[in-house]
Amino acid sequence: MAAGRRVASTVHPAIRHESHRPSSDHESAATTPEPGAHELARLYLDALEDVMQPEEYADLRTLVLTLIGAMTEPAGPDDPPSRVRLDVDLTPAVHDEWLTVMGILGSGRTDQTIVDVGDGTRTVVDSGLAADPEALAAFRAEVRERNRIRGQEREFLDGIEAGLS
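Residue 1084 is where the sequence shown starts when you use our numbering, and the numbers rise one by one after that.
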């Protein structure tokens, strides 16, 4: 099982971002403003546009914009965001870059690592967790258990939905 793909190595140097630590007593965080999570994600997407296949980039943009739209508008009971159907080809490259963008939006950092939790689920974690084998193993076990429970809940709710149709 692979430990994960180091995402920070694919980030354009102009948008690489980690916690700012002044290099001297004369430098302060106020002299070098850090970009926010949305700006980092935009810069990352701009850099990806130059290196991804055009069709894959278009699919990635669709995923990102759909998720952002779902987050900004309250979903009604008839159209929860998890049930939105998208016409995109979720190739491994699109999936991994989508995870990376979600990691940037969620954390405001670009030092993310994509890991496989062992049940086919891939997710993004911070570089500290990825570097700690024991913590990563515990995280993978926790995610697998949550996925198992969600699967059972989904089957139960789908059964109810089928009964109401």
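Built from N, CA and C at the ideal position, the CB exists for glycine as well.
query                                                                                                                                             : result
Determine the burial state of G1203: buried for a count of at least 16 other Cβ atoms within 10 Å of its Cβ, exposed for fewer.                   : exposed
What's the call for R1233, buried or exposed, on a 16-neighbour Cβ count within 10 Å?                                                             : exposed
Who pairs with Q1195 in a beta bridge, going by DSSP?                                                                                             : D1209
Mapping DSSP to helix, strand and coil, what is S1248?                                                                                            : coil
Can you tell me where the alpha helix (DSSP H) with G1201 in it begins and where it stops?                                                        : Unbroken run through G1201: none, as it is neither H nor E.
Spatial neighbours of R1205 within its chain, please: C-beta separation below 8 Å, excluding the five flanking residues on both sides.            : H1178, D1179, L1182, I1197, V1198, D1199
How about A1141 and G1191: are their beta carbons less than 7 Å apart?                                                                            : no
For I1187, does the count of other Cβ atoms within 10 angstroms reach 16, so buried, or fall short, so exposed?                                   : buried
Would you mind stating whether V1147 and V1184 have Cβ atoms separated by less than 7 Å?                                                          : yes
Which residues in the same chain have their Cβ closer than 6 Å to the Cβ of E1132, if we skip the five residues on either side of it in sequence? : Y1140
Apply the 10 Å Cβ neighbour rule to R1223 and answer buried if 16 or more other Cβ atoms are within range, or exposed otherwise.                  : buried
Using three-state DSSP, classify V1184 as helix, strand or coil.                                                                                  : helix
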